[in-house]
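*Asks:* Residue 73 is where the sequence shown starts when you use my numbering, and the numbers rise one by one after that.
Virtual Cβ for every residue (Gly too), placed ideally from N, Cα, C.
As the structure is a prediction and not an experimental result, all values here were calculated from the model.
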Amino acid sequence: MPTHMVIAVVAIVAIIIVSVAVKMHFDEVKKADLMTAKPLSLTEEQVKSVTMRRRHQPERIIVRMPAAYATDDEVNMWADTVAPRVGRGFQATEVQVIPQRFGRKAMYEITFAKLGSLR
73 MPTHMVIAVV
83 AIVAIIIVSV
93 AVKMHFDEVK
103 KADLMTAKPL
113 SLTEEQVKSV
123 TMRRRHQPER
133 IIVRMPAAYA
143 TDDEVNMWAD
153 TVAPRVGRGF
163 QATEVQVIPQ
173 RFGRKAMYEI
183 TFAKLGSLR
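Shown next as C-alpha cells:
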C-alpha cells in the first residue's frame, strides 16, 4: 500500500475520533448547563451522577437524575423552565419516578420531546 494512502486513512480516522470527542464534550456542557439551571441548581458533583440520553438528531432527550436531589414540584418546575434550553421545539412531556431497587437509588426520568414528533 502506498504511503499516501496510509496517511489518508490515518487522517480520516483522526478526524472521526476528534469529531466524536468534540460532540461528547458539547453534550456534557449542555447537560451541565441544564442541570445547573435555577430551579435545581445542582453542584458539579451532583451533575456527574445525572445521565442524559440523546442522539445526533434527537426526537426525544431523556434525563435521569437521583430523586434525592429534588422534590416532584421542583423537578416539574425545572423541566418546564429548561425546555427551551434543550433545543428548538422541545417540550417536557413526561416526568416519571423510577422506584428504588436493590443497589439502585430512586430516580427521576424526565423526557423532553420535539413538538412535531408528538403529533
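#1: Could you tell me the alpha carbon to alpha carbon distance between Ala-178 and Gly-188, rounded to whole angstroms?
#2: State the DSSP-derived secondary structure class of Val-135, mapped to helix, strand or coil.
#3: Whole angstroms is fine: what's the gap from Gly-163's alpha carbon to Asp-152's?
#4: Reducing DSSP to helix, strand and coil, say where Gln-163 ends up.
#5: Measure the Cβ-Cβ separation of Lys-95 and Glu-131 and say whether it is below 7 Å.
#6: CA-CA distance, Asp-105 and Val-154?
#7: Which two residues bound the contiguous alpha helix (DSSP H) that contains Phe-98?
#8: Taking all protein chains shown into account, decide if Val-101 is buried (16 or more other Cβ within 10 angstroms of its Cβ) or exposed.
#9: Look up Arg-127 in the DSSP assignment and say whether it is helix, strand or coil.
#10: In the DSSP output, which residue or residues are listed as bridge partners for Ala-185?
#11: Tell me whether Gln-168 sits in a helix, a strand or coil according to DSSP, three-state version.
*Replies:* Concretely, from the data shown:
#1: Each residue's alpha carbon lies about 31 Å from the other.
#2: The three-state secondary structure of Val-135, taken from DSSP, is strand.
#3: Per the sequence shown, residue 163 should be read as Gln rather than Gly. Gln-163 and Asp-152: Cα-Cα distance of roughly 7 Å.
#4: In the three-state scheme derived from DSSP, where H, G and I count as helix and E and B as strand, Gln-163 is classed as strand.
#5: Not a contact, by the Cβ cut-off of 7 Å.
#6: Distance between the alpha carbons of Asp-105 and Val-154 is about 9 Å.
#7: Element bounds for Phe-98: 75 to 107.
#8: By the 10 Å Cβ count, Val-101 comes out exposed.
#9: In the displayed model, Arg-127 falls within coil according to three-state DSSP, outside both helix and strand.
#10: Arg-132, Gln-163, per the DSSP bridge assignment.
#11: Looking at Gln-168 - three-state DSSP - the assignment turns out to be strand.
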